[in-house]
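One structure is given here, and the rest of the page talks about it.
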Amino acid sequence: MKLDVLSTPGHLISLAARGFARLSEARLKPLGFGVGHLPVLVALQDGKASTQRDLARFARIEQPPMAQMLARMERDGLIQRSQDPKDGRSSRITLTEIALARMPNAIAALFEGNREALGDFTEEEADQLVALLRRLITSLDRLTHAEASQRLP
1 MKLDVLSTPG
11 HLISLAARGF
21 ARLSEARLKP
31 LGFGVGHLPV
41 LVALQDGKAS
51 TQRDLARFAR
61 IEQPPMAQML
71 ARMERDGLIQ
81 RSQDPKDGRS
91 SRITLTEIAL
101 ARMPNAIAAL
111 FEGNREALGD
121 FTEEEADQLV
131 ALLRRLITSL
141 DRLTHAEASQ
151 RLP
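Positions 1 to 153 (UniProt numbering) are the ones given, in order, by the sequence shown.
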């Protein structure tokens, strides 16, 4: 059996992720959002995070890229910052009325794109794919955490 690196799950998932990102970006751009904004928008809307540090943790990205994204989102009128009454060194981040008004259309566009992309799948296959991807992400998180722990002095 010949090993084909282009047929590995990692490569195929990467191709699928890039395809979803292109599709989502095209549908979100007219609404003033980008794919990278999604974790921030969801976390702020659902109350799961309200500081830059918490948003970076929620989105699983480092603080410097999160700071840059938040600066762009603030510039574009999607978020606003206010001083944290409990910690004067920190600021609370909230969605603006503009972002809140656009969110339902953005969510609808994303769900529609996902439905179209999975149009050749049965509902059971789509559910199974989601379940398998969640298991894979959990496994990858466990592996990367274990490797990071091994590198510590």
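Each residue gets a CB set at the ideal place from its N, CA and C atoms; glycine is no exception.
Answer yes or no: the CB of residue 83 versus the heavy atoms of the ligand ATP, is any distance below 8 Å? Here there are no bound small molecules, and the ligand ATP is not part of this structure.
Kindly give me the distance between the Cβ atoms of residue 92 and residue 84, rounded to whole angstroms, as I take these residues to be in contact under 8 Å. The sequence position of residue 92 within the sequence shown is 92, counting from 1. The sequence position of residue 84 within the sequence shown is 84, counting from 1. Going by Cβ atoms, the distance from residue 92 to residue 84 rounds to 5 Å, so yes, they are a contact pair.
Could you tell me which residues DSSP pairs with residue 102 in its beta bridges? Here residue 102 corresponds to residue number 102 of the sequence shown, with the count starting at 1. The secondary-structure analysis by DSSP pairs residue 102 with nothing; it has no beta-bridge partner.
Straight-line CA distance for residue 18 to residue 25? Against the sequence shown, residue 18 aligns to sequence position 18. Against the sequence shown, residue 25 aligns to sequence position 25. Their backbone Cα atoms lie some 10 Å apart in a straight line.
Relative to the alpha-carbon of residue 87, which residue among 147, 50, 145, 27 has its alpha-carbon at the smallest distance? The residue given as residue 87 occupies position 87 in the sequence shown. Nearest to residue 87 by C-alpha distance, out of 147, 50, 145, 27, is 50.
What is the rounded straight-line gap between the Cα of residue 52 and the Cα of residue 109? Position 52 of the sequence shown, counted from the first residue, corresponds to residue 52. Position 109 of the sequence shown, counted from the first residue, corresponds to residue 109. When rounded, the distance between both Cα atoms is 27 Å.
Roughly how many whole angstroms lie between the Cα atoms of residue 104 and residue 146? For this step, residue 104 is matched to residue 104 along the sequence shown. For this step, residue 146 is matched to residue 146 along the sequence shown. Between residue 104 and residue 146, the alpha-carbon positions lie close to 39 Å from each other.
Stretch-stretch touch, CB-based, cutoff 8 Å, three pairs: the region 55-63 with the region 132-139: At 8 Å Cβ cutoff, the stretches do not touch.
Beta-carbon proximity list for residue 40, same chain, < 6 Å, skipping 5 on both sides: Counting from 1 along the sequence shown, the entry for residue 40 is found at position 40. For residue 40, where only same-chain residues beyond five positions count, the Cβ hits under 6 Å are 55.
My output table needs one value for residue 89: the three-state DSSP class, helix, strand or coil. Along the sequence shown, read from residue 1 onward, the residue named residue 89 stands at position 89. Here residue 89 sits in coil by DSSP.
DSSP state of residue 15 mapped onto helix, strand, coil: Walking along the sequence shown from the start, residue 15 turns up at place 15. Helix at residue 15.
Using 8 Å as the Cβ pair cut-off and three pairs as the minimum, do the region 65-80 and the region 109-129 touch? Judged by Cβ distances under 8 Å, the region 65-80 makes no contact with the region 109-129, as fewer than three pairs qualify.
Should residue 60 go down as buried or exposed, given a rule of 16 or more other Cβ atoms within 10 Å for buried? As a position in the sequence shown, residue 60 is number 60, starting the count at 1. Taking every protein chain shown into account, the CB of residue 60 has fewer than 16 other CB atoms within 10 angstroms, so this residue is exposed.
Return the CA-CA distance between residue 29 and residue 138, expressed in angstroms with no decimal places. For the purposes of this step, residue 29 is taken as residue 29 along the sequence shown, with counting starting at 1. For the purposes of this step, residue 138 is taken as residue 138 along the sequence shown, with counting starting at 1. The alpha-carbon of residue 29 is positioned some 30 Å away from that of residue 138.
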